[in-house]
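Chain order of the listed sequences is A and B. For the first sequence, the working numbering gives the first residue as 2, with consecutive numbering after it. For the second sequence, the working numbering gives the first residue as 2, with consecutive numbering after it.
Number of protein chains: 2
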Amino acid sequence: MSNSKGILVVLSGFSGAGKGTVVKRLMESYDTYALSISATTRQPRVGEEEGKSYFFKTVEEFEKMIEEDKLLEYANYVGNYYGTPADYVNNMLKSGKNVLLEIEIQGAMKIKEKNPDAVLVFLTPPTADELKNRLTNRGTEDLATVEKRLSRAGEESNGIENYDYILVNDDLDTCVKEFNEIVVSEKKKTFRNREFISEIQNEVSKFKK
Amino acid sequence: MSNSKGILVVLSGFSGAGKGTVVKRLMESYDTYALSISATTRQPRVGEEEGKSYFFKTVEEFEKMIEEDKLLEYANYVGNYYGTPADYVNNMLKSGKNVLLEIEIQGAMKIKEKNPDAVLVFLTPPTADELKNRLTNRGTEDLATVEKRLSRAGEESNGIENYDYILVNDDLDTCVKEFNEIVVSEKKKTFRNREFISEIQNEVSKFKK
Numbered sequence: 002m003s004n005s006k007g008i009l010v011v012l013s014g015f016s017g018a019g020k021g022t023v024v025k026r027l028m029e030s031y032d033t034y035a036l037s038i039s040a041t042t043r044q045p046r047v048g049e050e051e052g053k054s055y056f057f058k059t060v061e062e063f064e065k066m067i068e069e070d071k072l073l074e075y076a077n078y079v080g081n082y083y084g085t086p087a088d089y090v091n092n093m094l095k096s097g098k099n100v101l102l103e104i105e106i107q108g109a110m111k112i113k114e115k116n117p118d119a120v121l122v123f124l125t126p127p128t129a130d131e132l133k134n135r136l137t138n139r140g141t142e143d144l145a146t147v148e149k150r151l152s153r154a155g156e157e158s159n160g161i162e163n164y165d166y167i168l169v170n171d172d173l174d175t176c177v178k179e180f181n182e183i184v185v186s187e188k189k190k191t192f193r194n195r196e197f198i199s200e201i202q203n204e205v206s207k208f209k210k
Numbered sequence: 002m003s004n005s006k007g008i009l010v011v012l013s014g015f016s017g018a019g020k021g022t023v024v025k026r027l028m029e030s031y032d033t034y035a036l037s038i039s040a041t042t043r044q045p046r047v048g049e050e051e052g053k054s055y056f057f058k059t060v061e062e063f064e065k066m067i068e069e070d071k072l073l074e075y076a077n078y079v080g081n082y083y084g085t086p087a088d089y090v091n092n093m094l095k096s097g098k099n100v101l102l103e104i105e106i107q108g109a110m111k112i113k114e115k116n117p118d119a120v121l122v123f124l125t126p127p128t129a130d131e132l133k134n135r136l137t138n139r140g141t142e143d144l145a146t147v148e149k150r151l152s153r154a155g156e157e158s159n160g161i162e163n164y165d166y167i168l169v170n171d172d173l174d175t176c177v178k179e180f181n182e183i184v185v186s187e188k189k190k191t192f193r194n195r196e197f198i199s200e201i202q203n204e205v206s207k208f209k210k
């Protein structure tokens, strides 16, 4: 098919659902994905590279991007801006890569508003009990941190129904395979193949005499 | 996930696209599918079994089914009624089977109207040239039949954009695998998993204190 444009895939999910691991495995297993890179005004940490970890911006630069509508979404978190530069995402999509964007629900909804063709996937452990186990058994954290996590899961669960897909992460290999199948299937949606459909309709109409 | 209801999958496509072969292979390869069985008023042919090939009905019986809204769609073709009995489809869906319905575009649109959750797949050869080759090289038919087929392909191509997915049948194995992946991915749509989502939201909300 002539459709070679990539899909913007937004991944959200409970902390403890394994989003980071799923993204890492997707990148390792398939050459069809690219990771979205965020812009931020926070200081680079040791080992972080410009254009790889983040696009590091001054507050002035970031606010100019906001004004010029160059961010798919942004938020201010503990005094620093974080956002998704539209240009980078769009260039990757044009080159045919499916762009992965790991982001929380407010950002996900803004993305969907600006890019209705984006695919939103919510990742969850198989059960709430399993989620609780994963959040409490990480080991190192104190009780207050664990409780904060559990409480946050409650907030994260609001709005799952606004996502396109819900994906259970029980077995990692299965989950990564299913995630990729969702994206591969989405590429076959008719609205993503208008050019190919027009071509074949045009050709076939010539059969009529 | 608690979602065990099947999906109604409508398959249309150009004559010569290989719909019949794809359906046959799907049924052989996966135990998750059931074939929809049509009702008709035409006479049974030798070897055709009631409730297997068709549900054979009198005109009175068929028209009663129409009145009682017991058909998902129906049409009159060369003096005989053909239709899709809703009860049979709904029972199969409830039992967890994905129900395959091979039907042309007018019927497909009626199905989508009555069952918005149905998934509509349009099957096509990779190119119009390939379609022409398949339609002309079947061997046995005379020129008039071939031309009728070619002309019909033009009509069949109208409205492809009203389907959910367009699937290219180039290699049969690949096509059958991709068809199944579309259905498996569709089962992960959030709107098909409302019960599971409510459950997990309810459980997770108890984490908050």
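Built from N, CA and C at the ideal position, the CB exists for glycine as well.
Among the options, nearest to residue i - alpha-carbon criterion
i: residue 190 of chain B; options: A/165, A/110, A/52 and A/21; result: A/165
i: residue 162 of chain B; options: B/6, B/122 and B/188; result: B/122
i: residue 198 of chain A; options: B/101, B/177 and B/168; result: B/168
i: residue 77 of chain B; options: B/15, B/25, B/41 and B/94; result: B/41
i: residue 128 of chain A; options: A/143, A/170 and A/114; result: A/170
i: residue 205 of chain A; options: B/43, B/16, B/183 and B/202; result: B/16
i: residue 54 of chain A; options: A/68, A/63 and A/83; result: A/83
i: residue 147 of chain B; options: B/27, B/134, B/88 and B/111; result: B/134
i: residue 103 of chain B; options: B/27, B/68 and B/58; result: B/27
Minimum Cβ-Cβ distance from residue i to chain B less than 7 Å
i: residue 155 of chain A; result: yes
i: residue 180 of chain A; result: no
i: residue 3 of chain A; result: With a pLDDT of 49 at residue 3 of chain A, under the threshold of 50, the modelled position of that residue is not reliable, and the figure given next carries that caveat. Residue 3 of chain A does not count as touching chain B.
i: residue 191 of chain A; result: yes
i: residue 162 of chain A; result: yes
i: residue 104 of chain A; result: no
i: residue 16 of chain A; result: no
i: residue 183 of chain A; result: yes
i: residue 186 of chain A; result: yes
i: residue 134 of chain A; result: no
Contact with chain A by residue i, beta-carbon distance below 7 Å
i: residue 69 of chain B; result: no
i: residue 138 of chain B; result: no
i: residue 116 of chain B; result: no
i: residue 44 of chain B; result: no
i: residue 212 of chain B; result: A query on residue 212 of chain B cannot be resolved here, the shown segment of chain B reaching from 2 to 210 and no further.
Exposure of residue i, with buried meaning 16 or more beta-carbon neighbours within 10 Å
i: residue 47 of chain A; result: exposed
i: residue 45 of chain A; result: exposed
i: residue 183 of chain B; result: buried
i: residue 214 of chain B; result: Because chain B spans 2 through 210 in this model, residue 214 of chain B falls outside it and cannot be assessed.
i: residue 106 of chain B; result: buried
i: residue 18 of chain A; result: buried
i: residue 113 of chain B; result: buried
i: residue 203 of chain B; result: exposed
i: residue 207 of chain B; result: exposed
i: residue 192 of chain B; result: exposed
i: residue 109 of chain B; result: buried
i: residue 94 of chain B; result: buried
i: residue 1 of chain B; result: Because chain B spans 2 through 210 in this model, residue 1 of chain B falls outside it and cannot be assessed.
Presumed contact (8 Å Cβ cut-off) between residue i and residue j, rounded CB distance
i: residue 125 of chain A; j: residue 14 of chain A; result: 6 Å
i: residue 154 of chain B; j: residue 132 of chain B; result: 6 Å
i: residue 73 of chain A; j: residue 66 of chain A; result: Actually they do not touch by this definition, with Cβ atoms about 11 Å apart.
i: residue 21 of chain A; j: residue 38 of chain A; result: Incorrect: roughly 15 Å between the Cβ atoms, too far for contact.
Nonlocal neighbours in the same chain, by C-beta distance under 8 Å from residue i, ignoring five residues either side
i: residue 130 of chain B; result: none
i: residue 3 of chain A; result: Because the pLDDT of residue 3 of chain A is 49, which lies under 50, any placement of that residue in the model is unreliable, and the number read from its coordinates should be weighed accordingly. Correct list, in chain order: 194, 196, 197 and 200.
i: residue 118 of chain A; result: 8, 9, 192 and 193
i: residue 5 of chain B; result: 97
i: residue 100 of chain B; result: 7, 8, 9, 10, 34, 35, 36, 37, 90, 93 and 94
i: residue 60 of chain A; result: 42 and 82
Beta-carbon contacts of residue i that lie in its chain and below 6 Å, excluding the five residues immediately before and after
i: residue 63 of chain B; result: 42 and 82
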